[in-house]
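The numbering of the sequence shown is the working numbering, which starts it at 3 and goes up by one.
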Amino acid sequence: MLAIQDLQVYYGKVHAVKGVSLTVQEGEVVSLLGSNGAGKSSILKTICGLTKAVGGSISFRGKPITNTKPYRLVKEGIGYVPEGRKIYPLLTVKENLLTGAYHRNDRAGISADLEQVYEYFPILQTKRDVLAGNLSGGQQQMLAVGRALLTRPNFLILDEPSMGLAPSVVAQIFAIIKTLRDQGMTILLVEQNAYHALTLANRAYVLETGKIALEGNAEDLKNNHQVREIYLGM
């Protein structure tokens, strides 16, 4: 579904992504692991058109999408949950969710998807008329996930969905990601909690200073000595 070949990304003179190649097949969950500054978020932002690639290529379902405008990628079926949530604090919860459906005209479908998000995250229905800026961090993360689902994606990109959240909220977020996986959603996941990421994923890539250092089956990587020592604390 997604294919990246020799991706090159710079921030000024900083070479953030150095020739990364990876694939995500339809129905897979693929995780990107690595320390801060390894290039994980840069890859996601480049896929989504928020950061410009200066070399290499990205294709989605066989179609070149390198440096395509973000709004066009939403229409192609790519949903994105950014690091830091990026919700609209002065809009209500419901208004935030509906911004995800800005490109859609199917009222019945939007209504059904909204109810599905409320089923996933009941607290969002309870607080649907509350300004999003008044939500807790965990509730804002639920809102960010829900907003992405309102785009009706067939490919979902999640950047650090558990960052800064209480363990009980992390468990709820990952339960929903698991549900989406089990329903056949294709997912590319960057996650600081390597154990959760590898438990959910089919395959994973480990990045170090902008390059892929390891790749393989998630279960194999979970048992890899280097991964266990550095990322799993074992």
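From the three backbone atoms N, C-alpha and C, an ideal C-beta is built for every residue, glycine too.
C-alpha distance - residue i paired with residue j, whole-angstrom precision
i, j, result
"ARG106", "LEU75", "14 Å"
"ILE6", "LEU24", "5 Å"
"GLY238", "GLU221", "Absent from the model: residue 238. The displayed extent of the chain is 3 to 236, so no value can be given."
"ILE112", "VAL16", "42 Å"
"LEU34", "THR68", "20 Å"
"THR70", "GLY58", "14 Å"
"ALA177", "PHE123", "11 Å"
"ILE237", "ASN38", "Here the chain has residues from 3 to 236 only, and residue 237 is not among them."
Counted within 10 angstroms of its Cβ, other Cβ atoms place residue i as buried (16 or more) or exposed
i, result
"LYS224", "buried"
"HIS227", "exposed"
"VAL56", "exposed"
"MET236", "Because the pLDDT of MET236 is 48, which lies under 50, any placement of that residue in the model is unreliable, and the question is left without a value."
"GLU231", "exposed"
"ARG63", "exposed"
"LYS65", "exposed"
"THR128", "exposed"
Distance CB(residue i)-CB(residue j) smaller than 8 Å
i, j, result
"ALA215", "VAL32", "no"
"MET3", "GLU85", "no"
"GLY140", "VAL171", "yes"
"LEU133", "LEU116", "no"
"ILE60", "LEU145", "no"
"THR181", "ARG149", "no"
"SER44", "VAL192", "no"
Spatial neighbours of residue i in its chain, beta-carbon cut-off 6 Å, leaving aside the 5 residues before and after
i, result
"VAL147", "VAL83"
"ILE159", "LEU46, TYR82 and LEU190"
"ALA196", "LEU35, TYR233 and LEU234"
Cβ of residue i within 8 Å of any chain B Cβ
i, result
"GLN127", "Included in the structure is just one protein chain, with no chain B present."
Simplified DSSP state of residue i, which is helix, strand or coil
i, result
"TYR82", "strand"
"GLY135", "helix"
"HIS105", "coil"
"VAL11", "strand"
"LEU126", "helix"
"ALA203", "coil"
Contacts around residue i, its chain only, beta-carbon distance under 8 Å, and the 5 residues preceding and following it disregarded
i, result
"ASP131", "THR94, VAL95 and LYS96"
"LYS1", "Lying before the first or after the last residue shown, residue 1 is absent from the chain, which here runs from 3 to 236."
Contact set for residue i: own chain, Cβ-Cβ below 7 Å, skip 5 residues either direction
i, result
"GLU30", "THR188, ASN204 and ARG205"
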